[in-house]
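S.K.: Here UniProt numbering is used: position 110 in the sequence shown is 110, and no number is missing along the way.
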Amino acid sequence: MCNFYFESELRQNLRRYFQYEFFNMHDNLDVNNPVCEELSNQGNMPKNFKNFCYILSKNIKKVCIYMNTSPKNSDYCEPLNYWVYDTLIKNKLIKDEEDISKSAIINNLTKLWNFTNCNQKCEFKKYEMSEDDFKYMKELYDYSIHYLTIDGYKDNIGVIGCKKHYCSYIKKVDKIYSTVKDLCSSSSGKPYCSLFNEIREDNIPRHYLEKYECTETDIDESLVKDEKIFSAPLLPPPEEESITHTVLETSFSPGEPFRNDSYQDAPEGSSSNSPVKVGLSLTGISFFPLLLIYKVTLNVYLHK
1 MCNFYFESEL RQNLRRYFQY EFFNMHDNLD VNNPVCEELS NQGNMPKNFK
51 NFCYILSKNI KKVCIYMNTS PKNSDYCEPL NYWVYDTLIK NKLIKDEEDI
101 SKSAIINNLT KLWNFTNCNQ KCEFKKYEMS EDDFKYMKEL YDYSIHYLTI
151 DGYKDNIGVI GCKKHYCSYI KKVDKIYSTV KDLCSSSSGK PYCSLFNEIR
201 EDNIPRHYLE KYECTETDID ESLVKDEKIF SAPLLPPPEE ESITHTVLET
251 SFSPGEPFRN DSYQDAPEGS SSNSPVKVGL SLTGISFFPL LLIYKVTLNV
301 YLHK
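1) Roughly how many angstroms lie between the CA atoms of N24 and N41, to the nearest whole one?
2) Whole angstroms are fine: how far does the CA of V35 sit from the CA of F115?
3) Considering just the uninterrupted stretch of the alpha helix (DSSP H) at G152, what are its terminal residues?
4) Going by C-alpha distance, which of C77, R11, S103 is nearest P46?
5) Classify M25 as helix, strand or coil using the three-state DSSP reduction.
6) Can you give me the start and stop residues for the alpha helix (DSSP H) that N13 sits inside?
7) Do Y143 and I157 have their C-beta atoms closer together than 9 Å?
8) Residues in the same chain with beta-carbon distance under 8 Å from P79, minus the five sequence neighbours each way, listed in chain order, please.
9) Whose CA, out of C118, G43, T110, T87, lies closest to the CA of I65?
10) Between the Cα of C77 and the Cα atoms of L140, N203, N59, L93, which residue gives the shortest distance?
11) Around the Cβ of Q120, are there at least 16 other Cβ atoms within 10 angstroms (buried) or fewer (exposed)?
12) How far does the alpha helix (DSSP H) with F124 in it extend, from its first residue to its last?
13) Should I106 and K126 be called a contact, given that it needs their Cβ atoms to be closer than 9 Å?
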């Protein structure tokens, strides 16, 4: 059957979504950051900027701490950069749609990044492109990692029972891929064309739609909407005074947001590469042991 929490299947098994889910969390916020206070008091800042600033400050610090523990942990800086722009765009905090790097809020975030003294480990990037170009680039960036998991599931998808989830995600990417294919064939100067060209023919979305034998009844666009994939909102509603009042807890360790030994993009049947199942806390009851039992049972079944 599909993941114990059906709607968490994609965010727990697709690596970038797993990382973005962590970045969305509102726990252990850096509410005493003086830069956030200073910037939020500027007249040109949107009302919910302070909330975003608190979350971002927390994320920068945690990513840098984790990257300091090992040089192998460099796979968290770039996703954080993508998360920043994606969150700003989806919450309509970017004002310059033709060149998102020129938006005033981006220059202000540079001050926050510098304050954390993290640039030597994780540099804040300025993506000089339009909103649409960034959206295309991010989809391909995510997919360039996610297809590893998708490829690993192609022979087990019927047993796992999450065919609709993966068919819907693959179809979503396929639409972007087709659009980008046309754009890159006429102009290779687009920022996402290098990512497009790195995807081999046997890893393109259309290939997996065929491998998964996806039909129209297997595709449900609602399953790949943000509110379905991620458990935490990107930002609280603007009318909320402070994000610190949001009741939302996770079992991530504050000092170690991503554990090398607990998550990898790989087939479900590989004992050394099993995706992590995040332990969640709900009304005081931990479901993590149940998830472990489920995963062990599934692996035994797949290896028979």
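C-beta atoms are modelled at their ideal positions from N, C-alpha and C, and glycine is treated no differently.
All values derive from a computational prediction rather than experimental measurement.
M.R.: With the structure as the only source:
1) Taking the sequence shown and counting its residues from 1, one reaches residue 24 at position 24. Taking the sequence shown and counting its residues from 1, one reaches residue 41 at position 41. Distance between the alpha carbons of N24 and N41: 23 Å.
2) Here residue 115 is taken as the residue at index 115 of the sequence shown, counted from 1. Here residue 35 is taken as the residue at index 35 of the sequence shown, counted from 1. Cα to Cα, the separation comes out at about 7 Å.
3) Numbered from 1 along the sequence shown, position 152 holds the residue referred to as residue 152. Taken as a continuous stretch (DSSP letters only), the alpha helix (DSSP H) holding G152 covers 131-153.
4) Counting from 1 along the sequence shown, the entry for residue 46 is found at position 46. Out of C77, R11, S103, S103 has the C-alpha closest to the C-alpha of P46.
5) Start at 1 with the first residue of the sequence shown, and residue 25 comes out as number 25. M25 falls in the coil class under three-state DSSP.
6) On the sequence shown, position 13 is the one that residue 13 refers to. Where N13 is concerned, the enclosing alpha helix (DSSP H) stretches over 9-13.
7) Numbered from its first residue, the sequence shown carries residue 143 at position 143. Numbered from its first residue, the sequence shown carries residue 157 at position 157. Contact flag unset, no.
8) Here residue 79 refers to the residue found at position 79 when the sequence shown is read from its first residue. The answer, listed in chain order, is R16, Q19, Y20, F23.
9) Taking the first residue of the sequence shown as position 1, residue 65 is located at position 65. Residue C118 is the option with its Cα nearest to I65.
10) Numbered from its first residue, the sequence shown carries residue 77 at position 77. That would be N59, whose Cα lies nearest to the Cα of C77.
11) On the sequence shown, residue 120 is found 120 positions in, with the first residue counted as 1. It is exposed - the Cβ of Q120 has fewer than 16 other Cβ atoms within 10 Å.
12) Residue mapping note: residue 124 aligns to position 124 of the sequence shown, counting from 1. Here F124 belongs to no alpha helix (DSSP H), and DSSP marks it neither H nor E.
13) Translated into positions along the sequence shown, residue 106 becomes position 106. Translated into positions along the sequence shown, residue 126 becomes position 126. Yes.
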